[in-house]
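Asker: Our numbering applies: residue 11 is where the sequence shown begins, and numbers increase by one. Encoded as structure tokens, here's the structure I'll be asking about.
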Amino acid sequence: GTRSILKAERLVLNAMQRMSAIATKTRSYVKVLEGTGTRLLDTRKTTPGIRALEKCLRKDMAMDLPLLIFTDLDGTLLDHHTYSFRGAAETLRRLREHAVPLVLASSKTRAEIGRLQERLGLNEPFISENGGGIFFPAGHFLQDTAGCTRFNGCRGIVFGKSYAAVRSFFVRLRRKYGIRGFGDMTVAEIMRYTDLSREEAELAAQRDFSEPFLFLAEERPDEMAREAAALGMAVTRGGRFYHLMGAGQD
11 GTRSILKAER LVLNAMQRMS AIATKTRSYV KVLEGTGTRL LDTRKTTPGI RALEKCLRKD
71 MAMDLPLLIF TDLDGTLLDH HTYSFRGAAE TLRRLREHAV PLVLASSKTR AEIGRLQERL
131 GLNEPFISEN GGGIFFPAGH FLQDTAGCTR FNGCRGIVFG KSYAAVRSFF VRLRRKYGIR
191 GFGDMTVAEI MRYTDLSREE AELAAQRDFS EPFLFLAEER PDEMAREAAA LGMAVTRGGR
251 FYHLMGAGQD
């Protein structure tokens with residue numbers, strides 16, 4: 011009857027609106043990427059029951075642009091224990107061979123990633139300290155991207171709170187939670203906790219947006235996270251340390 015027709019019509023209209031929105035949004039992303047040598051491939055965010063249709067729309071709208079790869083570092087590109095990238099050497103060689111940009115995204119500092127990029131022969135933008143900032147090598151064609159400014163001698167887009175602000179909050183909580191951060195440690199202590207070389211530990215201590223820390227006694231991360239959230243901060247856990255940072259940067 012009439013009710014069934016109206017139900018079916020509403021379902022079809024909703025589906026058409028969703029598909030149209032996906033196609034329009036995908037095309038807008040492609041438009042932004044034009045001329046950058048970057049390829050929009052796919053997304054894991056799809057709707058149960060209509061995944062194939064949504065992926066088809068994305069594929070049709072994405073055109074045929076080159077590939078771009080993002081990777082974490084510790085435990086991904088780098089061995090979790092030795093920090094070596096030997097296991098990824100063949101993949102890195104193939105990426106260079108095919109001129110595929112590799113974007114590093116890590117909890118490591120801007121100084122650490124900059125040095126690693128030199129070792130890897132990379133000259134691409136990178137993301138430091140859990141999304142605290144995106145930084146561009148000197149002369150990179152994206153260094154004049156909207157929102158990009160000078161930051162401690164380089165070009166970047168900042169999303170995180172300053173390290174001074176993070177440390178100020180950290181110091182207020184230090185005694186209450188029994189925590190010790192990189193800002194409290196000597197280089198030798200950072201070396202002991204991380205197994206980094208002295209040079210690497212010195213780079214790890216050059217923080218811009220976040221404070222790695224350890225609980226010295228009972229761990230109360232959830233309680234600390236709630237207190238941090240009330241003041242626009244966040245607590246996350248990495249492979250070796252907890253991290254205090256501005257909320258939303260990751």
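C-beta: ideal position from N, C-alpha, C; glycine also.
Can you give the beta carbon distance from residue 188 to residue 226, rounded, assuming they're within the 8 Å contact cut?
Answerer: Translated into positions along the sequence shown, residue 188 becomes position 178. Translated into positions along the sequence shown, residue 226 becomes position 216. 5 Å between Cβ atoms; contact.
Asker: Quick test of your reading: residue 176 and residue 254, contact by CB under 8 Å. State the CB separation rounded to the nearest angstrom.
Answerer: Residue numbering aside, residue 176 sits at position 166 when the sequence shown is read from its first letter. Residue numbering aside, residue 254 sits at position 244 when the sequence shown is read from its first letter. Yes, they are in contact, since the Cβ atoms of residue 176 and residue 254 sit about 6 Å apart, within 8 Å.
Asker: Going by DSSP, what residues sit across from residue 138 in a beta bridge?
Answerer: For the purposes of this step, residue 138 is identified with residue 128 of the sequence shown, where counting begins at 1. DSSP lists 143 as partners of residue 138.
Asker: What residue range does the alpha helix (DSSP H) around residue 173 cover?
Answerer: Translated into positions along the sequence shown, residue 173 becomes position 163. From DSSP, the alpha helix (DSSP H) with residue 173 extends over 173–187.
Asker: Since residue 87 and residue 99 should fall inside the 8 Å C-beta cutoff, what is the C-beta to C-beta distance between them, to a whole number of angstroms?
Answerer: As a position in the sequence shown, residue 87 is number 77, starting the count at 1. As a position in the sequence shown, residue 99 is number 89, starting the count at 1. 11 Å between Cβ atoms; not a contact.
Asker: Name the one or two DSSP bridge partners that residue 303 has.
Answerer: In the structure as shown, the chain begins at 11 and stops at 260. Residue 303 is therefore absent and cannot be evaluated.
Asker: Who are the near neighbours of residue 71 in its chain, counting only those whose CB is closer than 7 Å to its CB and skipping five residues on each side?
Answerer: Taking the first residue of the sequence shown as position 1, residue 71 is located at position 61. Its pLDDT being 48, under 50, residue 71 is placed unreliably in this model, and the coordinates cannot settle the point.
Asker: In whole angstroms, what is the alpha-carbon distance linking residue 67 and residue 108?
Answerer: One-based indexing of the sequence shown puts residue 67 at position 57. One-based indexing of the sequence shown puts residue 108 at position 98. Confidence at residue 67 is low in this model, with a pLDDT of 49, below 50, so the placement of that residue is unreliable and no value is reported for it.
Asker: Leaving out five residues on either side along the sequence, give the residues of the same chain with a beta carbon under 6 Å from the beta carbon of residue 216.
Answerer: For the purposes of this step, residue 216 is taken as the residue at position 206 of the sequence shown. Cβ within range, chain order: 119, 121.
Asker: Note down, one range per segment and in chain order, each alpha helix (DSSP H) of at least 4 residues found wholly within the region 84–138.
Answerer: Segments of the alpha helix (DSSP H) lying fully in the region 84–138: 99–107, 120–130.
Asker: Check residue 193 in the structure and name its three-state DSSP category.
Answerer: Translated into the one-based positions of the sequence shown, residue 193 becomes position 183. It is helical.
Asker: Please report the residue range of the beta strand (DSSP E) in which residue 254 lies.
Answerer: Position 244 of the sequence shown, counted from the first residue, corresponds to residue 254. Segment 252–256, the beta strand (DSSP E) holding residue 254.
Asker: Could you please give the first and the last residue of the uninterrupted alpha helix (DSSP H) stretch that includes residue 230?
Answerer: Counting from one through the sequence shown, the residue named residue 230 turns up at place 220. Careful: residue 230 lies outside any alpha helix (DSSP H) and carries neither H nor E.
Asker: Which of helix, strand or coil does DSSP assign to residue 206?
Answerer: Taking the sequence shown and counting its residues from 1, one reaches residue 206 at position 196. Residue 206 falls in the coil class under three-state DSSP.
Asker: Can you tell me which of the three DSSP states residue 155 falls into?
Answerer: In the sequence shown, residue 155 corresponds to position 145, counting from 1. Residue 155 falls in the coil class under three-state DSSP.
Asker: Exposed or buried, what is residue 79 when buried is set at 16 or more other beta-carbons lying within 10 Å of its beta-carbon?
Answerer: Counted from its first residue, the sequence shown places residue 79 at position 69. Flag for residue 79 reads exposed.
Asker: Excluding the 5 residues preceding and the 5 following residue 146 in the sequence, name in chain order all residues of the same chain whose CB lies nearer than 8 Å to its CB.
Answerer: Here residue 146 refers to the residue found at position 136 when the sequence shown is read from its first residue. These residues qualify, in order along the chain: 135, 152, 153, 155, 158, 164, 165, 166.
Asker: With DSSP collapsed to three states, give me the class of residue 44.
Answerer: Against the sequence shown, residue 44 aligns to sequence position 34. Coil.
Asker: Taking the alpha-carbon of residue 218 as reference, which of 196, 103, 91, 139 has the nearest alpha-carbon?
Answerer: Residue mapping note: residue 218 aligns to position 208 of the sequence shown, counting from 1. Among 196, 103, 91, 139, the Cα nearest to that of residue 218 is on 139.
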